[in-house]
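Quick notes on the structure that follows.
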Amino acid sequence: MDSIRSFSLVVLVWLASACPAAVRTGLDNVEAHRALFAGKRIGIIANHTAYDRQG
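Shown next, in the form of structure tokens:
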């Protein structure tokens with residue numbers, strides 16, 4: 253049973269690392285939806301450790 257669990261874990265890790273997806277934060281998506289914010293007064297509440305794709 254232990255070998256099956258170990259094998260399953262290895263396969264799961266391998267599959268998870270084989271298909272990485274690019275993560276886009278909300279801050280990264282603001283540019284694509286600029287028209288939604290045009291002419292509006294908005295405020296952004298964020299954690300001080302937050303960052304965008306460029307860091």
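Quick note: the sequence shown uses this note's numbering, first residue 253, plus one each step.
We put the CB at the ideal spot given by N, CA and C, even for glycine.
The structure presented is a predicted model; accordingly, all values stated were derived computationally and were not measured.
Can you tell me which of the options puts its alpha carbon nearest to the alpha carbon of residue i?
i, options, result
"Ile297", "Leu279, Val263, Ala284", "Leu279"
"Asn299", "Arg293, Lys292, Thr277, Gly291", "Thr277"
"Gly295", "Gln306, Val282, Thr301", "Val282"
For residue i, collect the residues of the same chain with a Cβ closer than 7 Å to its Cβ; drop the 5 residues on either side in sequence, then sort them by chain order.
i, result
"Ser260", "none"
"Asp304", "Thr277, Leu279, Asp280"
So the alpha helix (DSSP H) residue i belongs to, where does it begin and stop?
i, result
"Asp304", "It is not in any alpha helix (DSSP H) - Asp304 carries neither H nor E in the DSSP assignment."
"Arg257", "254-270"
"Gly295", "Element bounds for Gly295: n/a, residue is neither H nor E."
In chain order, what residues of the same chain lie with their CB nearer than 6 Å to the CB of residue i, ignoring the 5 residues before and after it?
i, result
"Ala287", "none"
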